[in-house]
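319 is the number that the numbering used here gives to position 267 of the sequence shown; each next residue is one higher, with no gaps.
For every residue, glycine included, the Cβ atom is placed at its ideal position computed from N, Cα and C.
Following: one structure in structure tokens, then a few remarks.
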Amino acid sequence: YPPLRLRKFFVGIVSWGLELLLDIVGKAAAPKLKPFIDLLEATGKVPPELQPILEEIKNPSGEVSALFAQSAGSALVGGAIGKVIDGILLPLAYAVNSGTQNVILTEGQYTMLWLRKFITDEKYNQMMHWLGHDDTDIANLKEAATVRLTPEAIARLWLRDKPTYEYLWKDLADSGLTPDRIKAMKELAYAMPTPNDIITFMAKEALEEDMVDKYGLDAEDKLLASKWWDKAGVHKDARRLYWRSHWVHPAFREMTDMLHRGEITDADLYEWYRLV
53 YPPLRLRKFF
63 VGIVSWGLEL
73 LLDIVGKAAA
83 PKLKPFIDLL
93 EATGKVPPEL
103 QPILEEIKNP
113 SGEVSALFAQ
123 SAGSALVGGA
133 IGKVIDGILL
143 PLAYAVNSGT
153 QNVILTEGQY
163 TMLWLRKFIT
173 DEKYNQMMHW
183 LGHDDTDIAN
193 LKEAATVRLT
203 PEAIARLWLR
213 DKPTYEYLWK
223 DLADSGLTPD
233 RIKAMKELAY
243 AMPTPNDIIT
253 FMAKEALEED
263 MVDKYGLDAE
273 DKLLASKWWD
283 KAGVHKDARR
293 LYWRSHWVHP
303 AFREMTDMLH
313 RGEITDADLY
323 EWYRLV
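Below, the structure is given as structure tokens:
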């Protein structure tokens, strides 16, 4: 609780305000209200409709007119005077706060300071207790403050080392994704061939099994088991197609040399033209 002297000060302020509002019904209030009304008028922002009421309060012509002015203008004048009183009393409030320095930060501000190591774990827990949080709340606030990775970052890490980074998919569950959707995200982690890749597959006979057998395009396919395909994110259905299409066909001079040596036939040369 505030010190006794401070409480008496605030009680005095409230009492003074009530007395001022009650005195407005009589001429005795005019001298007290005049300084406030002068401040209002000095702003140059007093609406014309309000000016006659202010004049009546400053210089009441009689009890009836004073009562009329009070009843007609209490809402408008009271609001305006309240703003003036705020302007006068705010410095006092600032001075009191400067002396007591008992204003504390919000949960979010303390959490940010804790994350950036500006305050210790013990200090954070203490301030959260002051704000009314129990230990369970504090643990939950700390957990909620930790940042989750993006789906793209999770997918890239997972492809590089699945056993090590499998747990990161929980970040997506924390963001609201269901298990079925996380499974779909894992499928999306793999790259599929582009339209240009597919054209290359067709041009290099990677999709024609008879040509694959004839030219041995599956040779050395044991390399398809390399872990680097996974790390690069190449879908298992596309790996063999990339492998088949990496082979380079013989050049024209090489083909004619083999034809002259009898190693290939005219039909082979014709087929080569179709390939290239």
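In or out: Lys256 buried (at least 16 other Cβ within 10 Å) or exposed?
Result: buried.
Should Leu269 go down as buried or exposed, given a rule of 16 or more other Cβ atoms within 10 Å for buried?
Label assigned to Leu269: buried.
Best match in Leu293, Lys222, Leu209 for proximity to Thr246 [C-alpha to C-alpha]
Cα-wise, what sits closest to Thr246 is Leu293.
Mapping the DSSP letters down to three states, classify Val264 as helix, strand or coil.
Secondary structure at Val264: helix, using DSSP grouped into helix, strand and coil.
Using the rule of at least 16 other Cβ atoms within 10 Å of the residue's Cβ for burial, across every protein chain shown, is Leu240 buried or exposed?
When all chains shown are included, Leu240 counts as exposed.
Which stretch, first to last residue, makes up the alpha helix (DSSP H) that contains Ala284?
Ala284 -> alpha helix (DSSP H) spans 279-284.
By DSSP, does Ala197 sit in helix, in strand, or in coil?
It is helical.
Just confirm the distance between the C-beta atoms of Arg200 and Asp232, as a whole number of angstroms; I'd bet it's less than 8 Å.
Not a contact, Cβ separation roughly 19 Å.
Would you report the Cα separation of Leu92 and Asn192, rounded to the nearest angstrom?
Answer to the nearest angstrom: the Cα atoms are 51 Å apart.
Mark Trp299 as exposed unless 16 or more other C-beta atoms lie within 10 angstroms of its C-beta, in which case mark it buried.
By the neighbour-count rule (16 or more Cβ atoms within 10 Å), Trp299 is not buried but exposed.
Between Trp221 and Ile206, what straight-line distance do the alpha-carbon atoms span, to the nearest angstrom?
Computed Cα separation, rounded: 7 Å.
How is Leu321 classed by DSSP in three states: helix, strand or coil?
Of the three classes helix, strand and coil, the one that applies to Leu321 here is helix, per DSSP.
Find out if the Cβ-Cβ distance for the pair Ile190, Asn177 is shorter than 8 Å.
Less than 8 Å divides the Cβ of Ile190 from the Cβ of Asn177.
Where Ala225 sits in the DSSP three-state scheme:
Helix, per DSSP.
Relative to the C-alpha of Gly228, which candidate in Trp281, Tyr146, Pro203, Pro104 has its C-alpha closest?
Checked all of Trp281, Tyr146, Pro203, Pro104; the closest Cα to Gly228 is Pro203.
Per DSSP, which one or two residues make a beta bridge with Ala243?
DSSP lists Val286 as partners of Ala243.
For Met244, collect the residues of the same chain with a Cβ closer than 7 Å to its Cβ; drop the 5 residues on either side in sequence, then sort them by chain order.
If the five residues before and after Met244 are omitted, its C-beta is found closer than 7 Å to the C-beta atoms of His287, Ala290, all from its own chain and listed in chain order.
Can you tell me whether Phe120 is helix, strand or coil according to DSSP?
Because Phe120 sits at a pLDDT of 47, beneath the cut-off of 50, its placement in the model cannot be relied upon, and the following sentence gives the value as read from the coordinates. Look at Phe120 here: in three-state DSSP terms it is helix.
DSSP three-state assignment for Leu269, whether helix, strand or coil:
Coil at Leu269, not helix or strand.
Closest Cα partner of Leu209 within the set Leu183, Ala145, Asp282
Among Leu183, Ala145, Asp282, the Cα nearest to that of Leu209 is on Asp282.
Does the Cβ of Ala258 have 16 or more other Cβ atoms within 10 Å, making it buried, or fewer, making it exposed?
For Ala258, the number of other beta carbons within 10 angstroms of its own is at least 16, and it is reported as buried.
Does Gly151 come out as helix, strand or coil in the three-state DSSP assignment?
Here Gly151 sits in helix by DSSP.
Just verifying my parser: in three-state terms, what is the DSSP assignment at Arg313?
It is coil, neither helix nor strand.
Look at the alpha carbon of Ala319 and the alpha carbon of Met307, and state the distance between them as a whole number of angstroms.
If I take the Cα positions, the gap works out to 12 Å.
Under three-state DSSP, which class holds Leu85?
When secondary structure is reduced to three states using DSSP, Leu85 falls in the helix class.
With 16 as the cutoff for other CB atoms within 10 Å, does Tyr146 come out buried or exposed?
Counting Cβ neighbours within 10 Å, Tyr146 comes out exposed, since fewer than 16 surround it.
Any idea if Ser297 is buried or exposed, counting beta-carbon neighbours within 10 angstroms, 16 or more meaning buried?
Ser297 comes out buried.
Rounded C-alpha distance that separates Val77 from Thr95:
Any reading at Val77 needs caution, since the residue's pLDDT is 49, under 50, leaving its predicted position unreliable; the model's value is listed next. C-alpha separation (whole angstroms): 25 Å.
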